[in-house]
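Protein sequences, first through last, are from chains A and B. Okay, so the first sequence: first residue is 195 according to our numbering, each after it adds one. Okay, so the second sequence: first residue is 195 according to our numbering, each after it adds one. Glycine included, each C-beta is placed from N, C-alpha and C at the ideal position. If you're wondering where the values come from, they're calculated on a predicted model, not measured in any experiment. One structure below.
Number of protein chains: 2
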Amino acid sequence: MIEQEFLKKLSVKTDTKIVMLVMDGLGGCQNESGETEIETAKHPNLDNLAKISICGLSDPVSPGITPGSGPSHLALFGYDPLKYEIGRGLLDTLGIDFEFTADDLAARGNFCTVNEKGVITDRRAGRIPTEKNIEICKKLDGMEIDSVKIFVKTVKEHRFSVIFRGKNLSDKLQDSDPQKEGLEPLDVIVTEKSAEPSAKIVNKFVQKVKEVLKDEKPANMVLLRGFSKMVALPKFQDIYKLTPACIAIYPMYKGLAQLCGMEVIKSGDTIETEFATLKENFSKYDFFYVHIKQTDSSGEDGDFNRKVRVIEQVDKSIPILTGLNPDVIIITGDHSTPAVIGAHSWHSVPVLIYSKKCRFDKVEKFSETEFISGGLGRILARDIMPIALSNAGKLLKYGA
Amino acid sequence: MIEQEFLKKLSVKTDTKIVMLVMDGLGGCQNESGETEIETAKHPNLDNLAKISICGLSDPVSPGITPGSGPSHLALFGYDPLKYEIGRGLLDTLGIDFEFTADDLAARGNFCTVNEKGVITDRRAGRIPTEKNIEICKKLDGMEIDSVKIFVKTVKEHRFSVIFRGKNLSDKLQDSDPQKEGLEPLDVIVTEKSAEPSAKIVNKFVQKVKEVLKDEKPANMVLLRGFSKMVALPKFQDIYKLTPACIAIYPMYKGLAQLCGMEVIKSGDTIETEFATLKENFSKYDFFYVHIKQTDSSGEDGDFNRKVRVIEQVDKSIPILTGLNPDVIIITGDHSTPAVIGAHSWHSVPVLIYSKKCRFDKVEKFSETEFISGGLGRILARDIMPIALSNAGKLLKYGA
Chain A
195 MIEQEFLKKL SVKTDTKIVM LVMDGLGGCQ NESGETEIET AKHPNLDNLA
245 KISICGLSDP VSPGITPGSG PSHLALFGYD PLKYEIGRGL LDTLGIDFEF
295 TADDLAARGN FCTVNEKGVI TDRRAGRIPT EKNIEICKKL DGMEIDSVKI
345 FVKTVKEHRF SVIFRGKNLS DKLQDSDPQK EGLEPLDVIV TEKSAEPSAK
395 IVNKFVQKVK EVLKDEKPAN MVLLRGFSKM VALPKFQDIY KLTPACIAIY
445 PMYKGLAQLC GMEVIKSGDT IETEFATLKE NFSKYDFFYV HIKQTDSSGE
495 DGDFNRKVRV IEQVDKSIPI LTGLNPDVII ITGDHSTPAV IGAHSWHSVP
545 VLIYSKKCRF DKVEKFSETE FISGGLGRIL ARDIMPIALS NAGKLLKYGA
Chain B
195 MIEQEFLKKL SVKTDTKIVM LVMDGLGGCQ NESGETEIET AKHPNLDNLA
245 KISICGLSDP VSPGITPGSG PSHLALFGYD PLKYEIGRGL LDTLGIDFEF
295 TADDLAARGN FCTVNEKGVI TDRRAGRIPT EKNIEICKKL DGMEIDSVKI
345 FVKTVKEHRF SVIFRGKNLS DKLQDSDPQK EGLEPLDVIV TEKSAEPSAK
395 IVNKFVQKVK EVLKDEKPAN MVLLRGFSKM VALPKFQDIY KLTPACIAIY
445 PMYKGLAQLC GMEVIKSGDT IETEFATLKE NFSKYDFFYV HIKQTDSSGE
495 DGDFNRKVRV IEQVDKSIPI LTGLNPDVII ITGDHSTPAV IGAHSWHSVP
545 VLIYSKKCRF DKVEKFSETE FISGGLGRIL ARDIMPIALS NAGKLLKYGA
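In structure tokens, the structure reads:
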């Protein structure tokens, strides 16, 4: 594992192209049949690619650590996930094209349902449709409290971003989301004393929202979490000399990609439109991050068979990717989300790196179990970018 | 590999249980038959467990480094063995229930045999019985030199602890044990000038001992090593939120376990009594460190067949362990002690982690050679605790 400052000294601009296909939560676990989701799925195209690639398993942060999407993506992109901490609020807000400034404090919001006693009965307000979310956000957007301007912006379904804009706001705040139903939303408290004025404003905001939404059904309250201010990440252009693009559907992933310097391309709403977007834009960039969300959502829902079908669906689009003939193809996940666990997990993540210059191994199938014997062995996710860059001829020799 | 301070933030108390079974010096090397001690032994119970576990090889400190028992155990327990240095003297002394204070300087002592010229002819004085050791220690215990009080306490067989209690004592001292027969015991010299008063006292002590023991046979002299003062380790309770217990027979291992916060349970004198102790106390703790010494002692004696028999003996007790149905079982060694080498070695160490949530691999046999293809790959010993904690549901997700 190498520091980015070191890579920056070795990286050079070339006209070769890298595609990193991230199936979110890709890694799985065996169900009662003794096979994982990947192993149950039929994916002849991924298998064919595995035969001419170098394969292995990676740990997003470190063996045994279960990562959130922020740290796991940072690691895939070659950043130290322990050095850069990115709050959910910032990620969501960047993903909705909001012009975030250094004065801004963002939080992720969920519309939720509370009963007459103020107790949470549904943390996601029945996952209200995005149209309803837009309607409610209009009622809440544009408040001002103690000279702090407040923006409330729709993300998707029950999720929104709230941005507080003012001088000296701090993100040293704890969530109001108790993460459980049957409890009341928490008052926002500080983790550092200097954040007390910010906590006061946030709590006043929540009280006003409660008043405004009291007659809404089912979205009659909000839960806030992941308070965060701007984080300055080194850019792909600078560290890797890449012109990178992001193809993703969900806001958070677009937000993170932008933080790294990627241009977000409009990608439609389906796996098929994402691959079509890749094809259309292939000449314009030299690095593509393509994000598939559905492997993770099916895993989180504990739906083994749906995750199997998503993997099969992605496999059908692989010929579009290989047909473009990129110099390097990375296929991996950001972490594992085994359906049998129904959540992000610590299990190592399958990773495949194809290039004409890779020293391919004996792996003939795209499978966690097969990848154990792959030529990459067990690596840290942070090692993937340097390997890909070298395979693309984008890293000079170190030393004489 | 992750810092403990980081794990401390993620760890939570749960009612799941982890058992870490450490067969000291477990890893071996092939003898002329082409098989290691583990591979020669018949261990159907370990094999059955391997089939439903994730297996691999670990390096206690770093590839190629041969560790002592202190660093190798620290690493197994998740501590950085390069950050914390624990002298043998401290470990032995803690293991004998001596109330060690911050004013104390301890060393490990061996009774040895010297000839009329003062040359060492047996570094272990024929491994005198513990009863004889107790008798000699009584003669030496309780001296006072230059206002420093000196305690001499039996450990086992030819081994004892000596503790110097006084103001400003330093452990920057070299061993008096030349580690070879045919040489004279060395004068204790300093590694830092500030330790000169301590060196003077230690050398005076050794001269007095020589005088007192001159007519003893075979234990007519002492060798001192591992001078050490108190080291404060973070506790399992604090870092991992565990209530840990230690089941071990030899003092040093009990001592180290106590330093980490473990409660030492009386465990009898045999492998069978150790497993019985585990069973009796299973409801009282949520982490058990069970230490088997005999794999190491047989390896150190170069006795391949005895080591094979010890492994077979442990295997017979495995059903007691699995019958308790712990959430996570770790079976490993602290380092390798191949009988063909007859000493601790640098060879990687087999490690098996069982849990219902592990992504098991294709390994069907408990064997170094088979474990090469295990799903854990080659990890650092320090990664074992985080993996086990996650499998037990004891680590929260990192980041949003």
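Have a look at residue i and residue j and give me their C-alpha separation to the nearest angstrom.
i, j, result
"residue 309/B", "residue 199/B", "52 Å"
"residue 527/A", "residue 543/A", "6 Å"
"residue 585/B", "residue 388/B", "48 Å"
"residue 325/A", "residue 350/A", "9 Å"
"residue 587/A", "residue 476/A", "19 Å"
"residue 420/A", "residue 348/B", "57 Å"
"residue 552/B", "residue 533/A", "13 Å"
"residue 457/A", "residue 213/A", "14 Å"
"residue 572/B", "residue 291/A", "43 Å"
"residue 563/B", "residue 537/B", "20 Å"
"residue 394/A", "residue 259/A", "34 Å"
"residue 306/A", "residue 446/A", "20 Å"
"residue 414/A", "residue 408/A", "5 Å"
"residue 268/B", "residue 289/B", "15 Å"
"residue 369/B", "residue 284/B", "14 Å"
"residue 493/B", "residue 231/B", "9 Å"
"residue 490/A", "residue 499/A", "13 Å"
"residue 509/A", "residue 581/A", "24 Å"
"residue 520/B", "residue 529/B", "24 Å"
With 16 other CB atoms within 10 Å as the buried threshold, where does residue i fall?
i, result
"residue 313/B", "exposed"
"residue 224/A", "buried"
"residue 206/B", "exposed"
"residue 592/A", "exposed"
"residue 608/B", "Coverage of chain B is limited to positions 195 through 594, which leaves residue 608/B absent and any answer about it impossible."
"residue 594/A", "exposed"
"residue 426/A", "exposed"
"residue 474/B", "exposed"
"residue 405/A", "exposed"
"residue 295/B", "exposed"
"residue 362/B", "exposed"
For chain A, check one thing: does any of its Cβ atoms lie closer than 7 Å to the Cβ of residue i?
i, result
"residue 480/B", "no"
"residue 569/B", "yes"
"residue 580/B", "yes"
"residue 593/B", "yes"
"residue 553/B", "yes"
"residue 577/B", "yes"
"residue 584/B", "yes"
"residue 196/B", "yes"
Any beta-carbon of chain B closer than 7 Å to the one on residue i?
i, result
"residue 572/A", "yes"
"residue 318/A", "no"
"residue 596/A", "Because residue 596/A is not part of the residues shown, which for chain A are 195 to 594, the question remains open."
"residue 493/A", "no"
"residue 256/A", "yes"
"residue 500/A", "no"
"residue 223/A", "yes"
"residue 420/A", "yes"
"residue 287/A", "no"
"residue 505/A", "no"
"residue 321/A", "no"
"residue 290/A", "no"
"residue 513/A", "no"
"residue 260/A", "yes"
"residue 614/A", "The question about residue 614/A has no answer, for chain A in this structure spans 195 to 594."
| Can you list, in chain order, the stretches of the alpha helix (DSSP H) that have 4 or more residues and sit fully within the region 501-575 of chain B? | 562-565
| said: Threshold first: 3 residues or longer. Then list the beta strand (DSSP E) segments lying entirely within the region 331-412 of chain A, N to C. | reply: 337-339, 342-350, 353-359
| message | My parser needs the alpha helix (DSSP H) runs of 4 or more residues fully inside the region 280-328 of chain A; what are they? | response | 282-289
| Runs of beta strand (DSSP E) wholly within the region 401-489 of chain B (minimum 3 residues, chain order) | 415-422, 438-441, 481-486
| task | Please list the segments of the alpha helix (DSSP H) lying wholly inside the region 196-220 of chain A, counting only runs of 4 or more residues, in order along the chain. | result | 198-204
| task | Taking only beta carbons into account, state which residues of the region 533-563 of chain B come closer than 7 Å to chain A, listed in chain order. | result | 551, 553, 554, 555, 556
| query | Any residues in the region 349-383 of chain B with a beta carbon nearer than 7 Å to a beta carbon of chain A? Which ones, in chain order? | reply | none
| message | Using a Cβ-Cβ cutoff of 8 Å, what residues of the region 444-468 of chain B are near chain A? List them in chain order. | response | none
| task | Check distances from the C-beta atoms of the region 263-279 of chain A to those of chain B and list, in chain order, the residues that come in under 9 Å. | result | Taking 9 Å as the Cβ-Cβ cut-off against chain B, the residues of the region 263-279 of chain A that qualify are 263, 264, 265, 266, 268, 275, 276, 279.
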